Amino acid sequence: MKANDMKKRLVLFFLLLMQVPVLAQVQEVAARQRVLLETSKGKIIVELYNETPRHRDNFLRLVREGYYDGVLWHRVIADFMIQAGDSTTRHAKPGDTVGTHDLGYTIPAEIVYPQFFHKRGALAAAREGDQGNPERSSSASQFYIVYGSTFSTLGLDRVQGRLDERTQGKVVLTPEIREHYKKYGGSPHLDGQYTVFGEVTDGLDVVRDIDYVDTDDYSRPVNDVRILKATVLQ
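Numbered per mature numbering (1 follows the signal peptide of the UniProt record, and there is no 0), the sequence shown spans residues -24 to -1, 1 to 210.
Written out as structure tokens, the structure reads:
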């Protein structure tokens, strides 16, 4: 074999080796399961993170069982988030108190920060507050999707101060995350404290539309907004 041919083959071999991690990453992203949420405002598609397997599997099971079909987006706060997952809201009447029902079990926290943070479109698990839930275990069924708002440098500095108090300085907004919040928005004050287990890949405009509906004094939409059907996409 000629020396030039050998060099060409070696170069090709090393180029192929360099592609392996990239291909693995692409396959990992492609392997993420997706769920279609058909709502009375339009369709939302969420992608579930494999790095939060307990939350992923629990959510997929409930979707397959039809648990979310017909439930209300019962808690909506403009420039913050939209929340659903209380099965009793299917039959809620106007003025009823909603959002208090759960499934009687919790999911251990799978907080993967700073890899996953509360960017606009983040899918996260609701939970009880720290005082009665210091382990930050998640609700079995209730979840929220972040809409949030954009932040200035000063605004993020203030958020960091709040995070320092709540997490004893353990959660730090990295330069990359700060830049993301400045440009795209989100809800950084929740970072490192709630499990983010997925993100919206399509339908963020629908999230926005739900986020800005009129609500009552308890953050329930005045005109009901529902998840008509949730489906696992193949």
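Beta carbons are placed, not taken as given, at the ideal position from N, Cα and C, and that holds for glycine.
Please read these numbers as outputs of a predicted model, since none were measured by experiment.
Quiz item: Rounded to the nearest angstrom, how far is the Cβ of residue 101 from that of residue 171, given a contact under 8 Å?
Solution: 5 Å
Practice problem: Give the C-beta separation of residue 153 and residue 90 to the nearest angstrom, bearing in mind that I take them to be a contact with Cβ-Cβ under 8 Å. | Solution: 6 Å
Self-check item: Classification of residue 141 by the beta-carbon crowding that lies within 10 angstroms, buried from 16 upward
Solution: exposed
Quiz item: Where do the ends of the beta strand (DSSP E) carrying residue 37 lie?
Solution: Looking at the DSSP string, residue 37 is not in any beta strand (DSSP E); the run it does join, the alpha helix (DSSP H), is 29 to 40.
Quiz item: In whole angstroms, what separates the C-alpha of residue 113 from that of residue 85?
Solution: 5 Å
Exercise. Let me know the secondary structure DSSP gives residue 186 once reduced to three states.
Key: helix
Exercise. List the whole-angstrom C-beta distance separating residue 124 from residue 94, where the pair is believed to meet the contact cut-off of C-beta under 8 Å.
Key: 7 Å
Quiz prompt | Residue from 10, 14, 7 whose Cα sits closest to the Cα of residue 183 | solution = 14
Quiz item: residue 161: which of 109, 98, 179 sits nearest, CA to CA?
Solution: 98
Quiz prompt | Cα-Cα separation between residue 175 and residue 38, rounded to whole angstroms | solution = 17 Å
Quiz item: For residue 181, which of 9, 127, 203, 18 has the nearest alpha-carbon?
Solution: 18
Quiz item: So the beta strand (DSSP E) residue 59 belongs to, where does it begin and stop?
Solution: 57 to 60
Exercise. Compare the Cα-Cα distances from residue 68 to each of 201, 31, 117 and report the closest residue.
Key: 201
Self-check item: Whether residue 157 touches residue 54 by CB criterion (8 Å)
Solution: no
Practice problem: Answer with buried or exposed for residue 130, where buried requires no fewer than 16 other C-beta atoms within 10 angstroms of its C-beta. | Solution: exposed
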